[in-house]
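**Q**
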Amino acid sequence: MRLSRLALLLVVGVCFTPMPALAQTFVFGAQGEPVQLDPAVITDGISSRITRQIFDGLVRYRGSTTEVEPALAEKWEVSRDGRVWTFQLRRNVKFHDDTPLDAAAVVWNFERWWKSGHAQHENQVKAGQTFEYWEAQFGGFDDKSVVAKVEAVGTHTLRITLKDPQAPFLANLAMFVFDIASPRAVETSGTEFGKRPVGTGAFKFVEWKPNQEVILEANPDYWGGKPKVKRVVVRNIKDNSQRLGALKAGEIHAMEGLNPDDVAVVKRDSSLQLLLRPTNTTGYIAFNYKVKEFQDKRVRHAFAHAINKKAIVDALYGGTGLVATQFQPPSLWGYNRELRDFEYSPAKAQELLRQAGFAQGLSDITGEDGKKEPLIFWYMSRSRPYFPNPKEIAEAMAADLAKVGIKVELQTAEWAVYLDKRKNGQLSLYMLGWTGDNGDPDNFLCYFFCQPGASREGFYANPALADVLLRAQKAVSQVERARLYRQAEQMLHDDVGRLFIANNQPPLAFSKRVKGYVPHPTGSEYFHTVEVQ
Amino acid sequence: MRRYAIQRSLTVIPVLLGVSVLVFGFIHLIPGDPALTMLGERATPEKVTEVRARLGLDRPIWQQYGIYIGRVVRGDLGVSIVRGDPVLADLLRRFPATVELATAAIVLAVALGIPIGVASAVWRNSIVDSLARLWALTGVSMPIFWLGLMLAWFFGVELRVLPTGFRLDTGTTFAPWTNFVILDATLQGNWPVLADALRHLVLPAAALATIPLAIIARMTRASMLEVLSREYIRTAEAKGLSQAAVVLRHALRNALLPVLTVIGLQVGHLLAGAILTETIFSWPGIGLWVYESIESRDYAIVQGASLFIAVIVVGVNLMTDLLYAAVDPRIKYD
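Those sequence lines, one after another, are chains B and H. For the first sequence, the working numbering assigns the number 1 to the initial residue and increments by one for each residue that follows. For the second sequence, the working numbering assigns the number 534 to the initial residue and increments by one for each residue that follows.
1) Which first and last residues belong to the beta strand (DSSP E) in which PRO227/B is found?
2) Using the C-alpha atoms, what's the distance from ALA302/B back to GLU368/B?
3) Can you give me the start and stop residues for the beta strand (DSSP E) that SER47/B sits inside?
4) Listed from N- to C-terminal order along the chain, which residues in the region 191 to 215 of chain B have their beta-carbon within a distance smaller than 8 Å of any beta-carbon of chain H?
5) Listing by chain order, which chain H residues have their CB less than 7 Å from the CB of LYS248/B?
6) Can you check whether the C-beta of TYR537/H is within less than 8 Å of a C-beta belonging to chain B?
7) Compare the C-beta of ASN443/B with all C-beta atoms of chain H and state if any pair is closer than 8 Å.
8) Considering just the uninterrupted stretch of the alpha helix (DSSP H) at MET757/H, what are its terminal residues?
9) Taking DSSP as the reference, what is the three-state secondary structure of PHE28/B?
10) Indicate the three-state DSSP secondary structure (helix, strand or coil) for MET431/B in the structure shown.
11) According to DSSP, simplified to helix, strand and coil, what is VAL615/H?
12) Do you know offhand how far TRP816/H's Cα is from GLN120/B's?
13) In chain B, which residues lie with their C-beta within 8 Å of the C-beta of VAL835/H?
14) Contact check, GLY433/B vs PHE358/B under 8 Å by CB: the rounded distance?
15) Which residues in the same chain have their Cβ closer than 6 Å to the Cβ of VAL150/B, if we skip the five residues on either side of it in sequence?
16) Please compile the residues from chain B whose C-beta is within a distance smaller than 8 Å of the C-beta of ARG627/H.
17) Classify ALA637/H: buried if its beta carbon has 16 or more other beta carbons within 10 angstroms, exposed otherwise.
18) Could you confirm whether any beta carbon from chain B is found closer than 8 Å to the beta carbon of ARG763/H?
19) Looking at C-alpha atoms only, which residue of LEU216/B, ILE312/B, PHE449/B is the closest neighbour of HIS96/B?
20) State yes or no: is the C-beta of ALA167/B within less than 8 Å of the C-beta of ARG481/B?
21) Output yes or no for whether 8 Å exceeds the beta carbon distance between LEU734/H and ALA807/H.
22) Are the region 521 to 531 of chain B and the region 367 to 385 of chain B in contact at 8 Å, needing three or more beta carbon pairs?
23) Along the region 803 to 824 of chain H, what residues have a CB closer than 9 Å to any CB found in chain B?
24) Assign LEU590/H to one of three DSSP states: helix, strand, or coil.
25) Taking 8 Å as the cut-off, decide whether the C-beta atoms of PHE500/B and THR325/B are in contact.
26) What is the DSSP secondary structure of HIS380/B, reduced to helix, strand or coil?
27) In chain order, what residues of the same chain lie with their CB nearer than 7 Å to the CB of PRO452/B, ignoring the 5 residues before and after it?
28) In the DSSP assignment, find the beta strand (DSSP E) that holds ILE285/B and state where it starts and stops.
29) How about ARG80/B and GLU69/B: do their beta carbons lie closer than 8 Å?
30) Could you list the residues in the region 57 to 68 of chain B with a C-beta less than 8 Å from some C-beta on chain H, going in chain order?
31) So the candidates are TRP134/B, LYS407/B, ILE312/B; which of them puts its Cα closest to the Cα of GLN350/B?
32) Below 8 Å, how does it come out for the region 656 to 672 of chain H and the region 220 to 239 of chain B: are there three or more Cβ pairs, yes or no?
33) Give me the Cα-Cα distance between LYS248/B and GLY82/B, rounded to the nearest whole angstrom.
34) Can you list, in chain order, the residues of its chain with a C-beta nearer than 8 Å to that of ALA239/B? Leave out the 5 residues immediately preceding and following it.
35) Looking at C-beta atoms only, is the number of pairs between the region 835 to 854 of chain H and the region 547 to 559 of chain H that lie closer than 8 Å three or more?
36) Within 7 Å: the Cβ of GLU151/B and any heavy atom of the ligand NAP?
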């Protein structure tokens, strides 16, 4: 072996030049191609990881928390009624095209996102793009929006007036979508701005080689201090194993998208290190409330005692999972630490089933029309951070259920079909999950439970819960909001409305030479603190 | 001959029409609403309707096809659903990378496959033959993604002598003229880039060449065996010609005709194999692009690229057939 290796080395060494060193450059291995690099219209993590390096928002998340700290806005005040926000912008900040960052530029950005008649909004919509997150976070465009007025009241003073107080306002502004672009560059490039992005961020855009890589260079004038590397290269490597190969071969310094089985490989390798992104994702099982059997709380309660969550998390999450007790992941400030989860107890599950009249077990369900049909447990056909191996996880849960006499048939559907059936309320029992956008509890709970009886949520109707969530959305004090979210989690738990299975902390792998990378729950990570030794 | 050429060329038209119907139809038979796939878990019903209307998915299917084919004839393959870029321009920009890879693979397959096949036939049932046949059998049945991963792992990760993917190193700056990196680097006399590009080409080309190499070797062997048993070979041997002259001048020339057809047919397989090879090696050609587009259900790209690949395959086969007639004077077409 040794001889043949030597011989190979010799042969190949003669033909090929050695690898060049990668000093001063940080190479990140991404799972795919960015969609485009205009933060206002993108929604995916691969694109936003790059735009976060090029742009800044008014505010940003601190370190690896979802708390908000100053960025382009140095400080701000809010009126007593929570409707008028006044921001003082940082002075002497320039976009990469040398135009100044001032209040007028920020107003221009807001109007572009907000007003459907704005020339740089209209052209995007015509080209098939939408300002999706503006719509989602600020209630819609034009008059529909919660934003009433955005004005420059000084060269570096910005005032935003809202129609109603919006509790997650600052958390929303910290999202990558609301990063500030150079108005001149947007006007020059139009819909091509996403290929030639210009912001104020720590890195300037250099080049995008399609299907290969995006190259950035350090912005020496960055207001937050000079970046520690001169260049950043984000390489697109589709295959998870191949990406790990590239990391081990030293061709890249960092990667996302590890197979759960490869976590152990990275831990064993002395030249690599593993970092976990704080969890921001929850996988759950949902019941369809049109199914007669699931309307009985004792049956749902039996499910909760039957599933051994800890065993599933230990066996199938590669050591990066956590047992979920509620919908919010523990990193959120609305998380209810007092909440006591259902213990794993097949005996209790059997007892509850017996009380509910299913002493012989449960294998058929009754639909609205009274017809009996086999109980189908739908599992996802696609891996998501909250359920990295959906099929294996579903099989484990089905085995747990079988132990207490609940017999399910496992079934899946192509991802789009699956989502479609879920939307129309056609799945009797199914797996799904959620990954948070802005670190606000509202973003986890309200989308699901503010509209009681929605077909999308298996017709689950809990008006009291919806009421608490809507109150929390309007409350200004975070202390009060946190209390309401804790209450909401307890209500959801007491009703066994849904079963929360696991949170996952997506793993990132790095070469040991990399220092200063701070993983963030939303995936918004900044490279200017990264060093490559 | 000319009549044959014209007739043969005309058969291409119904084939291409059929291909366009298939390409169009298949994509609409795949379950799932592309609008919903694009929007994911967060889709609201209004958004889905809006996106469906934007993509024209709310029209009857025959109308969608009519609009599609009308545009295709005018050289418009539509725009990407996800990125909004024109499909044809993107295709042409990525195609050179695939051509470069496929050419390297076919050259490798021919350069090794024919000699192996010849040696195998000449020394029939010897150890050389057995090894060659074993190699060919293994090659034909090798899953290309597995082989690709193994090659990258061994040469890239364990030995660190070759890169695990991409066309050029991260640090390499190069302004290509045509996107044929090897050609451009040669024309520009940029030797470091040429060396870098060749290093990157070795593993993907080897992975992609494996199956065609095995097929060509087997075909050459079979064809050679048949020719070697012919009487004119005996005559040539009886005349006292050296074995090399008999094999190379008399046998091989005749044995190569069926091999030529097989090589032509391999072009289709190479383009299909390129999808896996390019994905494994992050090779920025149309294969990787198609793979990504299938994942994101970018209908326009999948349709455009499938049609484009089909046209190439049909074209290459047409050329092979015509070439066949030209090369073999014994064949008459009337």
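Idealized CB from N, CA, C, for every residue including glycine. Remember, predicted model here, so these are calculated numbers, not experimental data.
**A** The relevant details are as follows:
1) For PRO227/B, there is no enclosing beta strand (DSSP E), as DSSP marks it with neither H nor E.
2) Those two C-alpha atoms are separated by around 22 Å.
3) If you look at SER47/B, you'll find it isn't in any beta strand (DSSP E); it sits in the alpha helix (DSSP H) that goes 45 to 54.
4) THR191, LYS209, PRO210, ASN211, GLN212, GLU213
5) VAL690
6) no
7) No, because no Cβ of chain H sits closer than 8 Å to the Cβ of ASN443/B.
8) 724 to 761
9) strand
10) strand
11) coil
12) 35 Å
13) Within 8 Å Cβ-Cβ: nothing; VAL835/H doesn't reach chain B, min ~14 Å.
14) With a Cβ gap of about 28 Å, GLY433/B and PHE358/B do not count as contacting.
15) VAL107, PHE110, ILE160
16) PRO210, ASN211
17) buried
18) Interface flag for ARG763/H against chain B is unset, since no Cβ pair is found closer than 8 Å.
19) LEU216/B
20) Judged by their CB atoms, ALA167/B and ARG481/B are nearer to each other than the 8 Å cut-off.
21) no
22) no
23) GLU811, THR812, ILE813, PHE814, SER815, TRP816, PRO817, GLY818, LEU821, TRP822, TYR824
24) coil
25) Contact annotation: PHE500/B and THR325/B have beta-carbon atoms nearer than 8 Å.
26) Strictly speaking, residue 380/B in this sequence is Met, with His absent from that position. The answer is coil: DSSP assigns MET380/B none of H, G, I, E or B.
27) Here the set comprises ALA461, ASN462, PRO463, ALA466.
28) Note, ILE285/B: beta strand (DSSP E), 281 to 287.
29) no
30) none
31) LYS407/B
32) no
33) 51 Å
34) According to the sequence as given, residue 239/B is Asp; it is not Ala. Its chain contains no residue whose beta carbon lies nearer than 8 Å to that of ASP239/B once the 5 sequence neighbours on both sides are disregarded.
35) yes
36) No copy of the ligand NAP occurs in the structure displayed, which carries no ligand at all.
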